[in-house]
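What follows is a single structure, written as structure tokens, with notes after it.
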Amino acid sequence: LIVSWDIFPPGSKEEILARIFKGKNITDDKKAVAENRYEFFMSLEPKKIVTGNSTFSNYIGAMLEDDLVVFENIEYGNAIY
């Protein structure tokens with residue numbers, strides 16, 4: 026299994042969400058969910074932000090430690106991993 030992720034230093038909400046929404050037609054509801062999840066991740070004070078590529082492009086992650094990353098999907102109803 027090969028998984029592609031982009032790892033970035035924490036940036037502005039607009040920068041991170043633009044990476045997630047790139048090339049997608051996002052509804053206002055999905056945008057609101059993604060903004061809420063971004064705010065939650067920022068409350069954890071992550072070292073880095075992780076966004077998925079390809080089939081994982083709806084995922085955002087917060088790297089809390091070098092060996093601990095919390096992932097979330099911008100689709101409502103998905104659990105945190």
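Numbering of the sequence shown is given in the working numbering, commencing with residue 26 and proceeding in unit increments.
Just so you know, even glycine gets a beta-carbon here, dropped at the ideal spot from N, CA and C.
Point to revise | Beta-carbon contacts of A59 that lie in its chain and below 7 angstroms, excluding the five residues immediately before and after | key: L42, I45, I99
Check your understanding: How is the alpha helix (DSSP H) around K49 delimited, first residue to last?
Key -> Taken as a continuous stretch (DSSP letters only), K49 belongs to no alpha helix (DSSP H), as it is neither H nor E.
Check your understanding: Taking just the CA atoms, how far does M88 sit from S68?
Key -> 12 angstroms
Exercise for review: Please report the residue range of the beta strand (DSSP E) in which K72 lies.
Suggested key: Run containing K72: none; DSSP gives neither H nor E here.
Exercise for review: Can you give me the Cβ contacts of P34 inside the same chain, cut-off strictly under 7 angstroms, excluding the 5 residues immediately before and after it?
Suggested key: K73
Review point. Name the DSSP beta bridge partners of D31, please?
Key: T76
Practice item. Please say whether N78 and S29 have beta carbons closer to each other than 7 angstroms? Key: yes
Check your understanding: For I85, is the classification buried or exposed, using 16 other Cβ atoms within 10 angstroms of its Cβ as the cut-off for buried?
Key -> buried
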